[in-house]
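Q:
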Amino acid sequence: MKILALDTATEACSAALYDDGRILERYRLAPREHTVLILPMLDELLAEAGYTLEAMDGIGFGRGPGAFTGLRIAAGVAQGIAFGADLPVVAVSTLAALALEALDESAMDYAYPCLDARMGEVYWGVYRRGPGGMPQPMGAERVCPPDAVDFADAGLGVASGSGWATYGELLRHNGAGRVGAELSERFPRAGAVARLAADGFAQGLQVAAELAQPVYLRDNVAKKPARA
1 MKILALDTAT EACSAALYDD GRILERYRLA PREHTVLILP MLDELLAEAG YTLEAMDGIG
61 FGRGPGAFTG LRIAAGVAQG IAFGADLPVV AVSTLAALAL EALDESAMDY AYPCLDARMG
121 EVYWGVYRRG PGGMPQPMGA ERVCPPDAVD FADAGLGVAS GSGWATYGEL LRHNGAGRVG
181 AELSERFPRA GAVARLAADG FAQGLQVAAE LAQPVYLRDN VAKKPARA
């Protein structure tokens, strides 16, 4: 299985090539530079691996939640290259990508990925370690104020993501002792997106390029001023 993957959902821009378990990756913290960086990153990975785009089995991309512009970039690039090369696509949760890396670095069985959603809210999910170390969701991902997060019935776990950097004290208080380790300066990476996409292909979750869509969670892009 050969998969080309990308993620532009946050301040980080990254691309990865999954080749039967081996991963090549490019990663850079570069807010507002995703449109300039992402295609050259993908080209570099193909050249380094010695493959053409047509040699890929599919495309994976971080479908959100995350920044609205970043999600549109990721979906548009994934759709464009997949359509051009007639490849299927797997859309991967950015929170699941955070959870996978957190579980990889921890001996704990639960992960609490959290991204700062701005406007006093966070993107939140709870995951447990599943077969093969893959994160499995415990309930739906959501956008909510940090004091409204739900830890479900999870036990001691690892916290990850920018939401913990912003609201760590409040989130830890709500967790009531469930947080055993914290990776607050982390953003989703395309390497994790690629691994989750490979797992998605194995489960038959791939779709045609035109059906691959971002997931925003928040319906309103901006708050509208009240009428006078």
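Taking full-length UniProt numbering as reference, the numbering of the sequence shown is continuous, increasing by one, and the terminal residue is 228.
From the three backbone atoms N, C-alpha and C, an ideal C-beta is built for every residue, glycine too.
1) Closest to residue 171 by CA distance: which of 206, 153 and 122 is it?
2) Does residue 221 pass the burial test, meaning 16 or more other C-beta atoms within 10 Å, or should it be called exposed?
3) For residue 81, I'd like the list of residues in its chain whose CB is within less than 8 Å of its CB, leaving aside the five on either flank, ordered along the chain.
4) Identify whether residue 21 lies in helix, strand or coil by the three-state DSSP scheme.
5) Across which residues does DSSP place residue 178 in a beta bridge pair?
6) Quick one, which of 101, 96, 97 and 76 has its alpha-carbon nearest residue 89's?
7) On the CB-based measure, 16 or more other CB atoms within 10 Å of its CB, does residue 228 come out buried or exposed?
8) On the CB-based measure, 16 or more other CB atoms within 10 Å of its CB, does residue 74 come out buried or exposed?
9) What span of residues does the beta strand (DSSP E) with residue 61 cover, start to end?
10) Measuring alpha carbon to alpha carbon, tell me which residue in 133, 56, 100 and 72 is nearest residue 84.
11) Start and end of the alpha helix (DSSP H) containing residue 76?
12) In its own chain, which residues sit with a C-beta less than 7 Å from the C-beta of residue 120, not counting the 5 before and 5 after it?
13) What is the DSSP secondary structure of residue 126, counted as helix, strand or coil?
14) With DSSP as the reference, label residue 225 as helix, strand or coil.
15) Can you give me the C-alpha to C-alpha distance between residue 1 and residue 29, rounded to a whole angstrom?
16) How is the alpha helix (DSSP H) around residue 149 delimited, first residue to last?
17) Pop quiz: residue 161 and residue 109 are said to be a contact at Cβ under 8 Å. What is the actual Cβ separation, rounded to whole angstroms?
18) Identify which residue in 137, 202, 132 and 71 has its Cα closest to the Cα of residue 153.
19) Since residue 118 is in the alpha helix (DSSP H), which residue starts that stretch and which ends it?
20) Could you give the DSSP three-state label for residue 215: helix, strand or coil?
A: A quick look at the data gives this:
1) In the sequence shown, counting from the first residue as 1, residue 171 sits at position 171. Ranking 206, 153 and 122 by Cα distance to residue 171 puts 122 first.
2) Residue mapping note: residue 221 aligns to position 221 of the sequence shown, counting from 1. Bear in mind that a pLDDT of 46 at residue 221, under 50, signals an unreliable position, so the number given afterwards is only what the model happens to contain. Under this definition residue 221 is an exposed residue.
3) As a first step, residue 81 is located in the sequence shown; it is residue number 81 there, counting from the start. Excluding positions up to five away in sequence, the list reads 4, 42, 53, 59 and 87.
4) Along the sequence shown, one-based indexing puts residue 21 at 21. Three-state DSSP puts residue 21 in coil, outside helix and strand.
5) In the sequence shown, the residue the question calls residue 178 occupies position 178. DSSP lists no partner for residue 178.
6) The sequence position of residue 89 within the sequence shown is 89, counting from 1. Comparing Cα-Cα distances from residue 89 to each of 101, 96, 97 and 76, the minimum goes to 76.
7) By 1-based counting over the sequence shown, the position of residue 228 is 228. Reliability of the predicted coordinates at residue 228 is poor, the pLDDT of 33 falling under 50, and the value obtained from them is presented with this limitation in mind. When all chains shown are included, residue 228 counts as exposed.
8) In the sequence shown, the residue the question calls residue 74 occupies position 74. The residue is buried, with at least 16 neighbouring Cβ atoms inside 10 Å.
9) Taking the sequence shown and counting its residues from 1, one reaches residue 61 at position 61. Per DSSP, residue 61 belongs to the beta strand (DSSP E) from 58-64.
10) Taking the first residue of the sequence shown as 1, we reach residue 84 at position 84. Ranking 133, 56, 100 and 72 by Cα distance to residue 84 puts 56 first.
11) Start at 1 with the first residue of the sequence shown, and residue 76 comes out as number 76. Here the alpha helix (DSSP H) through residue 76 covers 68-85.
12) For the purposes of this step, residue 120 is taken as the residue at position 120 of the sequence shown. Here the set comprises 145.
13) Residue numbering aside, residue 126 sits at position 126 when the sequence shown is read from its first letter. Residue state, collapsed to three classes: coil.
14) Locating residue 225 in the sequence shown gives position 225, counting from the first residue. Any reading at residue 225 needs caution, since the residue's pLDDT is 37, under 50, leaving its predicted position unreliable; the model's value is listed next. If DSSP states are grouped into helix, strand and coil, residue 225 belongs with coil.
15) Walking along the sequence shown from the start, residue 1 turns up at place 1. Walking along the sequence shown from the start, residue 29 turns up at place 29. The alpha-carbon atoms of residue 1 and residue 29 are separated by roughly 28 Å.
16) As a working note, residue 149 is residue 149 in the sequence shown. Element bounds for residue 149: n/a, residue is neither H nor E.
17) As a first step, residue 161 is located in the sequence shown; it is residue number 161 there, counting from the start. As a first step, residue 109 is located in the sequence shown; it is residue number 109 there, counting from the start. With 8 Å as the limit, residue 161 and residue 109 do not qualify as a contact, their Cβ atoms being about 18 Å apart.
18) By 1-based counting over the sequence shown, the position of residue 153 is 153. Out of 137, 202, 132 and 71, 137 has the C-alpha closest to the C-alpha of residue 153.
19) The count along the sequence shown starts at 1 and reaches residue 118 at position 118. Per DSSP, residue 118 belongs to no alpha helix (DSSP H); it is in the beta strand (DSSP E), 110-118.
20) Counted from its first residue, the sequence shown places residue 215 at position 215. Note: residue 215 maps to coil in three-state DSSP.
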